[in-house]
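Participant: Got a structure here, written out as structure tokens. Questions coming.
2 protein chains.
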Amino acid sequence: METAWDERLRAAGLRVTRPRLSVLGVLAEHPHVDAETIATAARAVHPSISPQAVYGVLKALVGGGLARRIEPAGGPALYELRVGDNHHHLVCRECGLVADVDCVVGAAPCLAPSDAAGFAVDEAEVVFWGLCADCQHSGVVARRQHGYGTGSTSSSIRGGVRA
Amino acid sequence: METAWDERLRAAGLRVTRPRLSVLGVLAEHPHVDAETIATAARAVHPSISPQAVYGVLKALVGGGLARRIEPAGGPALYELRVGDNHHHLVCRECGLVADVDCVVGAAPCLAPSDAAGFAVDEAEVVFWGLCADCQHSGVVARRQHGYGTGSTSSSIRGGVRA
DNA sequence: CTGTTCTCTTGAGTAGGTCAAATCAACGCG
DNA sequence: CGCGTTGATTTGACCTACTCAAGAGAACAG
Chain A
22 METAWDERLR AAGLRVTRPR LSVLGVLAEH PHVDAETIAT AARAVHPSIS
72 PQAVYGVLKA LVGGGLARRI EPAGGPALYE LRVGDNHHHL VCRECGLVAD
122 VDCVVGAAPC LAPSDAAGFA VDEAEVVFWG LCADCQHSGV VARRQHGYGT
172 GSTSSSIRGG VRA
Chain B
22 METAWDERLR AAGLRVTRPR LSVLGVLAEH PHVDAETIAT AARAVHPSIS
72 PQAVYGVLKA LVGGGLARRI EPAGGPALYE LRVGDNHHHL VCRECGLVAD
122 VDCVVGAAPC LAPSDAAGFA VDEAEVVFWG LCADCQHSGV VARRQHGYGT
172 GSTSSSIRGG VRA
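Just so you know, the protein sequences line up as chains A and B, in that order.
When we follow our numbering, the leftmost residue of the first sequence carries the number 22, and every step to the right adds one.
When we follow our numbering, the leftmost residue of the second sequence carries the number 22, and every step to the right adds one.
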């Protein structure tokens with residue numbers, strides 16, 4: 022899938038650099054990943070990339086509208102390339118797996134709270150919490166809760182299922 | 022408002038202690054506060070309370086179903102006493118003010134994503150992002166984004182408007 | 001009043017970021 | 001194609017929000 026990242030970067034007013042292309046490559050392969058995982062995976066392509074560079078790149082991508090940042094409670098921020106289509110997320114309490122869901126009730130009714138209390142709402146963020154198919158069959162009873170894992174310096178790539 | 026916190030604590034299988042009553046008192050006055058602010062306010066009532074005690078108390082309260090924890094992206098966790106009624110939140114991007122909103126479309130339609138992708142969903146979390154009435158009139162253009170404030174060791178009490 | 005058990009205090013440690021200064025590379029210009 | 005400007009990356013320090021562990025202290029049943 023030869024995407025023209027060059028053009029998209031330039032269109033956003035950003036320079037085309039190796040670190041940025043590496044990060045975009047990782048994001049294209051793994052729908053929902055945290056910064057650390059991105060750094061690890063990107064290093065396979067561009068070994069000299071530093072963790073802070075990843076943060077910088079991600080901030081630039083989010084700022085330029087090429088990526089979106091989501092922050093599920095109790096875990097690190099995740100990044101995805103799917104932007105501008107108002108979709109939401111399913112998060113597994115047990116393993117952290119994230120899947121996309123299209124907007125619940127059509128276009129953007131989520132943008133209309135029953136009573137906005139004077140707020141000018143510009144975005145509605147919806148997160149569905151539950152157990153993914155695998156974890157349901159593992160007999161586990163939602164241990165994850167919130168709090169950072171049991172010391173496992175996680176770096177597992179959390180693939181996401183497209184809804 | 023003389024609430025029988027004693028009974029509610031005991032009903033949840035928790036002991037009745039001074040720190041717990043102090044924290045409950047603060048939460049009753051301020052609908053959506055972070056742990057640090059709770060600690061500061063609680064110290065006015067019970068000076069010897071430690072920050073860690075506050076974390077412990079909050080964990081106990083959440084575990085016992087007396088409080089709820091919400092974690093808006095880009096900021097510290099907030100706690101509230103309103104539990105068990107499936108309501109959602111409006112968050113101001115500028116000042117962080119949080120207001121409650123009742124469930125958008127009646128009972129719990131939020132619990133039915135269009136395609137659950139095999140997940141067993143047990144909760145739907147909805148956050149509406151925008152600008153509160155005050156910040157709209159201040160001519161500011163959403164500077165907050167995410168990231169911890171400009172060094173101000175914040176302790177401002179963020180009151181919440183009941184929707 | 002006494003003992004058990006839970007809770008709080010104290011202190012140390014951690015993940016997941018942020019910010020600033022200096023080096024380095026992209027790319028428009030001639 | 002080389003040059004300079006400007007933006008990107010490296011390097012390194014720092015910070016917030018939170019967790020865990022060990023011991024002292026308080027709550028409550030008997």
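For every residue, glycine included, the Cβ atom is placed at its ideal position computed from N, Cα and C.
Being a predicted model, the structure only gives us computed values, none of them experimental.
1. In terms of DSSP beta bridges, what is Ala25/B paired with?
2. When you compare each of Thr61/A, Leu48/A and Cys113/A to Leu82/A by their alpha carbons, which one comes out closest?
3. Do Asp143/A and Leu118/A have their C-beta atoms closer together than 9 Å?
4. Any idea if Ala141/A is buried or exposed, counting beta-carbon neighbours within 10 angstroms, 16 or more meaning buried?
5. Return the first residue and the last residue of the alpha helix (DSSP H) that Arg90/A is part of.
6. Report the CB separation of Leu99/A from His53/A in whole angstroms; it is logged as a contact under 8 Å.
7. Answer yes or no: do Arg41/B and Val78/B have a C-beta to C-beta separation smaller than 9 Å?
8. So with CB distances below 9 Å, who are the chain A contacts of Glu185/B?
9. Comparing alpha-carbon positions, which option in Gly84/B, Ala137/B, Ile91/B and Cys113/B lies nearest Ala137/A?
10. Strictly under 9 Å for the Cβ-Cβ distance: is Cys153/A near chain B by that measure?
11. Please work out which residues of its chain come closer than 7 Å, Cβ to Cβ, to Ala74/A, disregarding the five sequence neighbours upstream and downstream, and give them in chain order.
12. Can you check DSSP and say which residues form a bridge with Glu144/B?
13. Find the residues of chain A that neighbour Val142/B, judging by a C-beta separation of less than 9 Å, and give them in chain order.
14. Exposed or buried, which one is Ser43/A when buried takes at least 16 other CB atoms within 10 Å?
15. Between the Cα of Gly188/B and the Cα atoms of Leu45/A, Asp121/A, Gly96/A and Glu146/A, which residue gives the shortest distance?
16. For Ala137/B, which residues in chain A fall below 9 Å Cβ to Cβ?
17. Taking Glu115/A as part of the beta strand (DSSP E), name the residues at either end of that continuous run.
18. Counting only beta-carbon separations shorter than 9 Å, does Ala56/A have a partner in chain B?
19. Would a check of beta-carbon distances place Ala98/A closer than 9 Å to chain B?
20. Taking the C-alpha atoms as reference points, what is the distance between Glu101/B and Ser69/A?
21. For Val104/B, name the three-state secondary structure that DSSP assigns.
22. Measure the CB-CB distance between Ala56/A and Pro72/A and report whether it falls below 9 Å.
23. Alpha carbons only, please: which of Gly96/B, Val104/B, Trp150/B and Pro97/B is nearest the one belonging to Gly84/B?
24. Would you say Ala33/A reaches chain B, if we count a Cβ-Cβ gap shorter than 9 Å as a contact?
25. What is the rounded straight-line gap between the Cα of Glu146/B and the Cα of His110/B?
26. For my contact list, Pro93/A and Val37/A are in at a C-beta cut-off of 8 Å; report their separation, rounded to the angstrom.
27. Spatial neighbours of Ala63/A within its chain, please: C-beta separation below 8 Å, excluding the five flanking residues on both sides.
Facilitator: So, from the data block:
1. Looking at the DSSP assignment, Ala25/B forms no beta bridge with any residue, so it has no partner.
2. Leu48/A
3. no
4. exposed
5. Note, Arg90/A: premise wrong, no alpha helix (DSSP H); beta strand (DSSP E) at Arg89 to Ile91.
6. 5 Å
7. yes
8. No answer is possible for residue 185/B: it lies beyond the span of chain B, which begins at 22 and ends at 184.
9. Cys113/B
10. yes
11. Pro40
12. Trp150/A
13. Leu111, Phe149, Trp150, Gly151 and Leu152
14. buried
15. Any question about residue 188/B goes unanswered here, given that chain B covers just 22 to 184.
16. Leu111, Ala120, Val122, Phe149, Gly151 and Ala184
17. That residue, Glu115/A, is in no beta strand (DSSP E); it is neither H nor E in DSSP.
18. no
19. yes
20. 45 Å
21. coil
22. yes
23. Val104/B
24. no
25. 9 Å
26. Contact doesn't hold; Cβ gap of about 31 Å is too wide.
27. Pro40, Ser43, Val44, Gly46, Val47, Ile70 and Val75
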